[in-house]
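What follows is a short report on a single structure.
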Amino acid sequence: MCGPGRLVTTGLGSCVGVVIYDAEGHVAGLAHVMLPESPSPDTKAPHKYADTAIDWLIREIVHAGGSPLRLRAKYAGGAQMFQGVKMETLRVGERNVEAVKKRLAERGIPVIGSDVGGHQGRTLWFDLPSCILTVRTARGDMRAL
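In terms of the numbering used here, the numbers along the sequence shown are unbroken and rise by one, the last being 211.
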């Protein structure tokens, strides 16, 4: 459920929820990033991959009236859901976080807050009027960014 001016994503384990917003323009977008890299640049689901989701969000926000110069980002997720596993292929959470950070930096978007890693899933709520991202862990702990 979400009300006016609120974006929500649930079930973030190794996935990363990325919010990009223009506070002055009153516009924001959220992507639920599942993997660090898309299988191809013209993927039909750009919001699922870190390397395409950031550009997709920027385009959508600018199309809705946001200014590229005022964009800011907050993100959370990227948990290591398989504790004790060292295999590179199972470090999806860490790789997702690295890919999101890299793409935001490449696009010059300042990161205002993040809550990443650990071993618990998360749910996120972004309130556009206040620009606060609320993170709730699977254990019920809450954090405002």
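Just so it is clear, CB atoms sit at the ideal spot from N, CA and C, and this is done for glycine as well.
Identify which residue in the options has its Cα closest to the Cα of residue i.
i, options, result
"Asp-88", "Ala-111, Val-74, Leu-194", "Leu-194"
"Val-177", "Gly-183, Asn-162, Arg-205, Lys-168", "Lys-168"
"Leu-123", "Glu-172, Ile-86, Val-74", "Ile-86"
"Thr-75", "Pro-102, Phe-192, Glu-160, Ile-120", "Phe-192"
"Ile-175", "Arg-138, Glu-160, Gly-159", "Arg-138"
"Met-147", "Gly-184, Glu-172, Pro-102", "Gly-184"
"Arg-125", "Leu-73, Leu-211, Arg-173, Arg-205", "Arg-173"
"Leu-156", "Leu-211, Pro-102, Leu-73", "Pro-102"
Classify residue i as buried or exposed, calling it buried when 16 or more other Cβ atoms lie within 10 Å of its own Cβ.
i, result
"Gly-77", "exposed"
"Gly-131", "exposed"
"Gly-71", "exposed"
"Glu-90", "exposed"
Whole angstroms is fine: what's the gap from residue i's alpha carbon to residue j's?
i, j, result
"Pro-112", "Asn-162", "14 Å"
"Thr-189", "Cys-197", "16 Å"
"Val-128", "Pro-134", "7 Å"
"Ala-116", "Asp-207", "26 Å"
"Ser-106", "Thr-118", "9 Å"
"Glu-164", "Leu-170", "10 Å"
"Arg-209", "Thr-109", "33 Å"
"Val-93", "Asp-181", "22 Å"
"Gly-179", "Gln-186", "18 Å"
"Asp-121", "Val-158", "20 Å"
"Arg-136", "Ser-104", "27 Å"
"Leu-73", "Val-166", "19 Å"
Could you please give the first and the last residue of the uninterrupted beta strand (DSSP E) stretch that includes residue i?
i, result
"Ala-130", "No beta strand (DSSP E) contains Ala-130, which DSSP labels as neither H nor E."
"Gly-83", "82 to 88"
"Pro-140", "First, the amino acid is wrong: residue 140 is Lys here, not Pro. Element bounds for Lys-140: 138 to 143."
"Leu-78", "72 to 78"
"Phe-192", "188 to 193"
Along the chain, where does the alpha helix (DSSP H) that runs through residue i open and close?
i, result
"Lys-168", "158 to 172"
For the stretch 192 to 205 and the stretch 126 to 144, state whether three or more C-beta atom pairs, one from each stretch, are separated by less than 8 Å.
yes
State whether the stretch 81 to 88 contacts the stretch 98 to 105, with contact taken as three or more CB pairs (one from each stretch) at a distance under 8 Å.
yes
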